[in-house]
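Numbering (my numbering), first residue to last: 80 to 211.
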Ligand SMILES: [Cu+2]
């Protein structure tokens, strides 16, 4: 009887823990990749495609930027440029100067604080692209 109670308790704790981590967005994941990277780079451009899971894309303006578990949006940043906050999971950048660039994509909460998952993409625009 005592063993049965322990088992039931352990199961309840496991269920509670799983529920908590889901509510806190701990299961949110982000992956980002470049679409047609080489051809775009030759045109001084980059297109980023993002896959998010375990989180709902919410426009922070619609919820008064109040943080809420399970809600977030994306921040895109090229090099040290301004941060673009959006719910779009596909974004193109044009007019990249020749050389190396870093595009950072991260999951942000409704108040724009980082949620953790992020991905850095490297783009190199060939020097020859500038003389077009
Ligand atoms: Cu934001």
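Glycine included, C-beta positions come from ideal geometry on N, C-alpha and C.
Residue i: CB within 8 angstroms of a non-hydrogen atom of ligand 1
{"i": "residue 162", "result": "yes"}
{"i": "residue 139", "result": "yes"}
{"i": "residue 132", "result": "no"}
{"i": "residue 107", "result": "no"}
{"i": "residue 111", "result": "no"}
{"i": "residue 180", "result": "no"}
Extent of the continuous alpha helix (DSSP H) to which residue i belongs
{"i": "residue 119", "result": "116-121"}
Bounding residues of the beta strand (DSSP E) (the contiguous stretch that carries residue i)
{"i": "residue 194", "result": "193-204"}
{"i": "residue 173", "result": "Premise fails: residue 173 is in no beta strand (DSSP E) and is neither H nor E."}
{"i": "residue 164", "result": "163-165"}
Counterpart residues of residue i in DSSP-defined beta bridges
{"i": "residue 180", "result": "202"}
{"i": "residue 107", "result": "Residue 107 pairs with nothing; no bridge assigned."}
{"i": "residue 130", "result": "110"}
{"i": "residue 187", "result": "152 and 193"}
{"i": "residue 208", "result": "Looking at the DSSP assignment, residue 208 forms no beta bridge with any residue, so it has no partner."}
{"i": "residue 125", "result": "172"}
{"i": "residue 147", "result": "Paired residues: none, contrary to the question."}
{"i": "residue 142", "result": "For residue 142, which the question treats as bridged, DSSP gives no partner whatsoever."}
Cβ-Cβ separation, residue j to residue i (assumed contact under 8 angstroms), whole Å
{"i": "residue 133", "j": "residue 108", "result": "6 angstroms"}
{"i": "residue 125", "j": "residue 171", "result": "7 angstroms"}
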